[in-house]
Amino acid sequence: MNVVVVESPAKAKTINKYLGPGYKVLASFGHVRDLPAKDGSVLPDQDFEMLWEVDSASQKRIKDIADAVKSSDGLFLATDPDREGEAISWHVLDLLKKRKVLNGKPVKRVVFNAITKKAVLDAMAEPRDIDEPLVDAYLARRALDYLVGFNLSPVLWRKLPGARSAGRVQSVALRLVCDRESEIERFVSEEYWNISALLKTPRGDEFEARLVQAHGKRLQKNSIHNADEANALRRLLEGAAYTVESVEAKPVRRNPSPPFTTSTLQQAASSKLGFSASRTMQVAQKLYEGIDIGGETAGLITYMRTDGVQMAPEAIDAARRAIGQQFGERYLPEKPRLYSTKAKNAQEAHEAIRPTDFNRTPDQVRRFLDADQLKLYDLIWKRGIASQMASAEIERTTAEILAEGAEGKAGLRAVGSVIRFDGFIAAYTDQREEGEPSEDGDEDGRLPEINARETLAKQKINATQHFTEPPPRYSEASLIKKMEELGIGRPSTYAATLATLRDRDYVTIDKRKLVPQAKGRLVTAFLESFFNKYVEYDFTADLEEKLDRISAGELNWKDVLRDFWRDFFSQIEDTKELRVTNVLDALNEALAPLVFPKRDDGSDPRVCQVCGTGQLSLKLGKYGAFVGCSNYPECNYTRQLSNEGGAEAESSGLNEPKALGTDSITGEQITLRSGRFGPYVQRGEAKDAKRSSLPKGWKPEDIDLEKALALLSLPRDIGQHPETGKMISSGIGRYGPFVLHDGTYANLESVEDVFSIGLNRAVAVLADKQNKAGGGRGRSTPAALKELGDHPDGGSVTVRDGRFGPYVNWGKVNATLPRGTDPAAVTMEQALVLIAERAEKTGTGKGAKGKAKTTKAKAAAAGDEAAAPKAKKTAAKAKPKAAAKTKKAKE
Numbered sequence: 001m002n003v004v005v006v007e008s009p010a011k012a013k014t015i016n017k018y019l020g021p022g023y024k025v026l027a028s029f030g031h032v033r034d035l036p037a038k039d040g041s042v043l044p045d046q047d048f049e050m051l052w053e054v055d056s057a058s059q060k061r062i063k064d065i066a067d068a069v070k071s072s073d074g075l076f077l078a079t080d081p082d083r084e085g086e087a088i089s090w091h092v093l094d095l096l097k098k099r100k101v102l103n104g105k106p107v108k109r110v111v112f113n114a115i116t117k118k119a120v121l122d123a124m125a126e127p128r129d130i131d132e133p134l135v136d137a138y139l140a141r142r143a144l145d146y147l148v149g150f151n152l153s154p155v156l157w158r159k160l161p162g163a164r165s166a167g168r169v170q171s172v173a174l175r176l177v178c179d180r181e182s183e184i185e186r187f188v189s190e191e192y193w194n195i196s197a198l199l200k201t202p203r204g205d206e207f208e209a210r211l212v213q214a215h216g217k218r219l220q221k222n223s224i225h226n227a228d229e230a231n232a233l234r235r236l237l238e239g240a241a242y243t244v245e246s247v248e249a250k251p252v253r254r255n256p257s258p259p260f261t262t263s264t265l266q267q268a269a270s271s272k273l274g275f276s277a278s279r280t281m282q283v284a285q286k287l288y289e290g291i292d293i294g295g296e297t298a299g300l301i302t303y304m305r306t307d308g309v310q311m312a313p314e315a316i317d318a319a320r321r322a323i324g325q326q327f328g329e330r331y332l333p334e335k336p337r338l339y340s341t342k343a344k345n346a347q348e349a350h351e352a353i354r355p356t357d358f359n360r361t362p363d364q365v366r367r368f369l370d371a372d373q374l375k376l377y378d379l380i381w382k383r384g385i386a387s388q389m390a391s392a393e394i395e396r397t398t399a400e401i402l403a404e405g406a407e408g409k410a411g412l413r414a415v416g417s418v419i420r421f422d423g424f425i426a427a428y429t430d431q432r433e434e435g436e437p438s439e440d441g442d443e444d445g446r447l448p449e450i451n452a453r454e455t456l457a458k459q460k461i462n463a464t465q466h467f468t469e470p471p472p473r474y475s476e477a478s479l480i481k482k483m484e485e486l487g488i489g490r491p492s493t494y495a496a497t498l499a500t501l502r503d504r505d506y507v508t509i510d511k512r513k514l515v516p517q518a519k520g521r522l523v524t525a526f527l528e529s530f531f532n533k534y535v536e537y538d539f540t541a542d543l544e545e546k547l548d549r550i551s552a553g554e555l556n557w558k559d560v561l562r563d564f565w566r567d568f569f570s571q572i573e574d575t576k577e578l579r580v581t582n583v584l585d586a587l588n589e590a591l592a593p594l595v596f597p598k599r600d601d602g603s604d605p606r607v608c609q610v611c612g613t614g615q616l617s618l619k620l621g622k623y624g625a626f627v628g629c630s631n632y633p634e635c636n637y638t639r640q641l642s643n644e645g646g647a648e649a650e651s652s653g654l655n656e657p658k659a660l661g662t663d664s665i666t667g668e669q670i671t672l673r674s675g676r677f678g679p680y681v682q683r684g685e686a687k688d689a690k691r692s693s694l695p696k697g698w699k700p701e702d703i704d705l706e707k708a709l710a711l712l713s714l715p716r717d718i719g720q721h722p723e724t725g726k727m728i729s730s731g732i733g734r735y736g737p738f739v740l741h742d743g744t745y746a747n748l749e750s751v752e753d754v755f756s757i758g759l760n761r762a763v764a765v766l767a768d769k770q771n772k773a774g775g776g777r778g779r780s781t782p783a784a785l786k787e788l789g790d791h792p793d794g795g796s797v798t799v800r801d802g803r804f805g806p807y808v809n810w811g812k813v814n815a816t817l818p819r820g821t822d823p824a825a826v827t828m829e830q831a832l833v834l835i836a837e838r839a840e841k842t843g844t845g846k847g848a849k850g851k852a853k854t855t856k857a858k859a860a861a862a863g864d865e866a867a868a869p870k871a872k873k874t875a876a877k878a879k880p881k882a883a884a885k886t887k888k889a890k891e
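Here the UniProt record's numbering is used: the first residue of the sequence shown is 1, the next is one more, and so on.
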């Protein structure tokens, strides 16, 4: 018996079926050990020794593998066919050696690009040894990421509070997003005009032609700058006669794109399906590991972490056969198409992502896949099949038209295309990313029949005003494309890198675009100012190239680490002498458009408008950076940073304090402001001026003088408690609105209650809080809101108010009232139906089902026809949730 180690239990189950009883397939569940997340896990002073840690879950799995190996004939390491997979095999083997369970037994490494019976058996027939250079590349990459993260992040924590982490690839990706935002902020929009003529042929067909030349000068897109120029050209065209100078019909062939790589799959899934990179990889993982297809589990696609664009010869043959069968012989090119990667740093040679069986069409597997799996498989199948199909044949027609009149001559051009043969387009068409130019330039549909030297009739002249637009923000897809072009990161890391940027609150996604947050821009500005080399695109790409050369056996991995560490450590040491004022000066300059947005009145944006003399500057606090006045503490003006216009307050009109009116009692001005913790109201300008934050749900634009004074009047005295004679007050605290009496706090339902609650209700709320507190362990039963009477089977029925809303209670049965039901208006008949439905569903109490039927009958006899459907609907809504939980648990 031989032991085979794979990464996931899903793969283990499938592969075990393929190999039969002579093999025992076990899963490592991914990596079995890693560097501990603490300082000292990589030791540069000890020749970069790496101290690995095995967690408790992995300890058990390694023990199971070791126990199986003890009684086996040999070991096959069959983890994924990439650098990470090679590393997992190396880790497993190293741990087994330390446990001394191999005892000279043969150990082989096998790799398969697809989880199909043929691919697995072929791989088992051609084992190899572990690829040491590939493992060295993994070790170098892991050590570099650790050294950067665990040495640079503490610098951020000390010098830039609120920043959470930096990373070798993560910080460069963040810089791309932030640089694009800076481009957008610096962009100055320019006016331009487009002029076109609607013309008619002698046969009565209309078409549009664009002005491209006037007075002997060629016009570009932005050549017409203003309305005066546009109107002059418009007059020329209005009085001109139109003649076709030439018509050229030029055949154009469009070739298909290669099959998907990891990055192009992520880009296409984003553009066509709206999938995030991580979602794409999660779905692809399931398609790769195997789907139950009519009782047989099979992988539907090849390995999905690759930047190779070639397909195996047998896959190309299968694709060509499928094309002939499903599209016809005309769609089959004479020779197979061969592709080569254009990526700057394509990694170890792997196949492109393709279906494992081209005869398994999306329609055939539709019933076995969920919606996301079907969408992604359909995309992969179509792109794979299209990559081997014939070129599309397009006829591109260009008509050059002369306009001649009393005010001069002008040239117009009409362009159109006709697909003469769709070729690969019959299976798949690329969808360009927003903001990219179209492949066919300015063509605009199909043109009618136009002949040279014929006269055209003018129908209408159109002059349209436009303004140049800034470059678009990156989407996940376009950022991945850019990173790939620059040679930054790896296909397997793109999804994780983007997820980290979101998790750290460095970027958010708005309408599928990546928007850098203030925190992310601060980190980028800091790194560019003090660690510029390590966020340079070329430096990061060159380092990736060195890692590739390690995997190819061309460089020693520790030599690369030594070269990197020498300079990096020196720069880390230099920052120890860095003063906070140096950091703030650099950030003020680098982030001026964000920190000091232009003012409408044209005044200096760095002058404090509260005191009029202080200079605004970034300040660093416990929770991050904010803007404050240099005259602090005499002037206590502060402003929180955000993305839009430099301050979170500005989006609400709070870039500077907003006057609301004057307090009639004190004569002081009441203002609405924004600080580090959000918007607030303030009375007067003294150092100890009374302030009150806006409660949750209150918007700055809705605050007037009355509401501001109400907030500033808190806490509010309600009255003396009838038993103790001590004052009861209401207010808003950390945990929301409350009433307070003699040190006891009780929560209120809404902010409005703080201003309106009377003495009687305040006493009742406090009493309810004391009853709950005195109820011993667990939650006490809420007091009854309404007594309905006795249940037909004995016991009282009451209406109560609980944590999740009002409900009816009978013994151990609690039935939630339908949404919108007034607890005070509930009848006994309605309560009986709700109790019956709940008892039947949960089986609560003796003979619950029988009692439920009896109660339903009694309710019907009582004539409550409205209550039963409502209760049934409520119960029906709950069933899918329970089913969903069960399904999730099974998965």
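Don't be surprised by glycine CBs; every beta carbon is placed ideally from N, CA and C.
Straight across, the Cα-Cα distance linking C611 with Y192 is about 43 Å.
K687 carries a coil assignment under DSSP once its states are collapsed to helix, strand and coil. Under the three-state reduction of DSSP output, I224 falls in the coil class, being neither helix nor strand.
Of all alpha-carbon atoms in E685, K690, R354 and P657, the one lying nearest the alpha-carbon of S674 is that of P657. If the five residues before and after L486 are omitted, its C-beta is found closer than 6 Å to the C-beta atoms of Y537 and A541, all from its own chain and listed in chain order. Scanning its chain for C-beta atoms nearer than 7 Å, with the 5 sequence neighbours on each side dropped, one finds around P491 the residues T261, T262, S263, R305, T306 and D307, in chain order.
Rounded to whole angstroms, the Cβ separation of N636 and G614 is 10 Å, and the two are not in contact under 8 Å. By the CB criterion at 7 Å, V799 and V808 fall inside the cutoff.
Per DSSP, the beta-bridge partners of H466 are Y192. Rounded to the nearest angstrom, the Cβ distance from A495 to A277 is 4 Å, consistent with a contact under 8 Å. For A140, the enclosing alpha helix (DSSP H) stretches over residues E132 to K159.
Proximity of the region 502-519 to the region 466-482 meets the contact definition, three or more beta-carbon pairs being nearer than 8 Å. Ranked by how close their Cα comes to the Cα of E248, the residues S417, A10 and L759 have S417 in first place.
According to the DSSP assignment, E404 belongs to the beta strand (DSSP E) that extends over A392 to G405. For N16, the uninterrupted alpha helix (DSSP H) segment begins and ends at P9 to L19. The alpha carbon of E208 has as its nearest neighbour, out of G445, H791, S189 and G104, the alpha carbon of G445. A check of alpha carbon separations from V6 across V101, M124, R639 and P106 identifies M124 as the nearest. G411 has its alpha-carbon roughly 9 Å from the corresponding atom of H215.
Between T575 and F530, the alpha-carbon positions lie close to 8 Å from each other. Secondary structure note for H215: it is in no alpha helix (DSSP H), with a DSSP letter that is neither H nor E.
K687 and E634 have their C-alpha atoms roughly 7 Å apart. Per DSSP, E248 lies in no alpha helix (DSSP H); the unbroken beta strand (DSSP E) holding it starts and ends at A241 to R254.
Between the beta-carbon of V212 and that of R413 there is about 5 Å, and that keeps the pair under the 8 Å contact cut. H741 sits buried, since 16 or more C-beta atoms from the chains shown fall within 10 Å of its C-beta. L237 and A197 do touch by the CB rule: their CB atoms are close to 6 Å apart, below 8 Å.
For P21 and V3, the gap between their C-alpha atoms comes out near 11 Å.
C-alpha of A403 to C-alpha of T455: approximately 10 Å in a straight line. Between V25 and A12, the gap from beta carbon to beta carbon is short of 7 Å. Straight-line spacing of the CA atoms in A227 and K250 works out to 36 Å. Between the C-alpha atoms of V415 and Q266 there is a straight-line separation of about 33 Å. When DSSP states are grouped into helix, strand and coil, A37 belongs to the coil group. Annotated three-state conformation of Y680 is strand, per DSSP.
The C-beta of D378 has 16 or more other C-beta atoms within 10 Å across all chains shown, which makes the residue buried. Pairing P470 with F76 gives a Cβ-Cβ distance that is not under 7 Å.
Cβ neighbours of N255 within its own chain (closer than 7 Å, five residues either side excluded): S391.
Just measuring C-alpha positions, the residue of I665, K409, D179 and E723 sitting nearest R234 is K409.
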